[in-house]
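Report on the structure given below.
Numbering (the UniProt record's numbering), first residue to last: 1 to 138.
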């Protein structure tokens, strides 16, 4: 098989673009976290994230988040093309600061939840979900 210079250059540019793509996704997730927290430090504990260890189908992965005393909870799928999955806001009359939903995952990745507590602090929890069939076109 013979490659021309143009073919070789095209392959090289395609490979370079593919190596940069994961950095863009991680940057988008980090930007979303910085936007939500305002750059504040995050602690551990006080937030429960429940997700399956293995999901057979990435199109519908059940998760549940709970953070007593939280005013808002942000959920991110770190490996998705658009990492922001959901943001739950709780008012002063909320009976419980918990929510459950089903999310779509592109493949095996970390699901991260960040809660803003009533005192202005932030706590973080994460869980790795192994997906056998991707749900975002994968």
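Just so it is clear, CB atoms sit at the ideal spot from N, CA and C, and this is done for glycine as well.
Discussion item. Ignoring anything shorter than 3 residues, give me the beta strand (DSSP E) runs that lie fully in the segment 34–58, in order along the chain.
Written reply: 42–44, 48–50
Practice prompt. Would you check if the distance between the CB atom of residue 111 and the CB atom of residue 100 is smaller than 9 Å?
Written response: Looking up residue 111 in the chain shown gives position 111. Looking up residue 100 in the chain shown gives position 100. No, Cβ-Cβ distance for residue 111 and residue 100 is not below 9 Å.
Practice prompt. Answer yes or no: do residue 59 and residue 133 have a C-beta to C-beta separation smaller than 9 Å?
Written response: Working through the chain shown from its first residue, we reach residue 59 at position 59. Working through the chain shown from its first residue, we reach residue 133 at position 133. The answer is yes: Cβ separation under 9 Å.
Worksheet item: For residue 118, which of 68, 32, 27 has the nearest alpha-carbon?
Response: As a first step, residue 118 is located in the chain shown; it is residue number 118 there, counting from the start. Comparing Cα positions, the closest option is 68.
Item to complete: Express the C-alpha separation of residue 104 and residue 75 in angstroms, rounding to a whole number.
Response: Here residue 75 refers to the residue found at position 75 of the chain shown. Here residue 104 refers to the residue found at position 104 of the chain shown. Their Cα atoms are separated by approximately 12 Å.
Fill in: DSSP three-state assignment for residue 71, whether helix, strand or coil
As a first step, residue 71 is located in the chain shown; it is residue number 71 there, counting from the start. Secondary structure at residue 71: strand, using DSSP grouped into helix, strand and coil.
Worksheet item: For residue 31, does the three-state DSSP call read helix, strand or coil?
Response: Taking the chain shown and counting its residues from 1, the one referred to as residue 31 is at position 31. Residue state, collapsed to three classes: helix.
Worksheet item: Should residue 9 go down as buried or exposed, given a rule of 16 or more other Cβ atoms within 10 Å for buried?
Response: As a position in the chain shown, residue 9 is number 9, starting the count at 1. It is exposed - the Cβ of residue 9 has fewer than 16 other Cβ atoms within 10 Å.
Fill in: Outcome for residue 124 when other beta-carbon atoms lying within 10 angstroms are tallied against a minimum of 16
Position 124 of the chain shown, counted from the first residue, corresponds to residue 124. Residue 124 should be labelled buried.
Worksheet item: Which of helix, strand or coil does DSSP assign to residue 9?
Response: In the chain shown, the residue the question calls residue 9 occupies position 9. Of the three classes helix, strand and coil, the one that applies to residue 9 here is helix, per DSSP.
Discussion item. For residue 2 and residue 47, I'd like the C-alpha separation in whole angstroms.
Written reply: Translated into positions along the chain shown, residue 2 becomes position 2. Translated into positions along the chain shown, residue 47 becomes position 47. Looking at the two C-alpha atoms, the distance is approximately 58 Å.
Fill in: residue 91 versus residue 11: straight-line alpha-carbon distance, rounded
What you label residue 91 is simply residue 91 of the chain shown in a count that begins at 1. What you label residue 11 is simply residue 11 of the chain shown in a count that begins at 1. Residue 91 and residue 11: Cα-Cα distance of roughly 53 Å.
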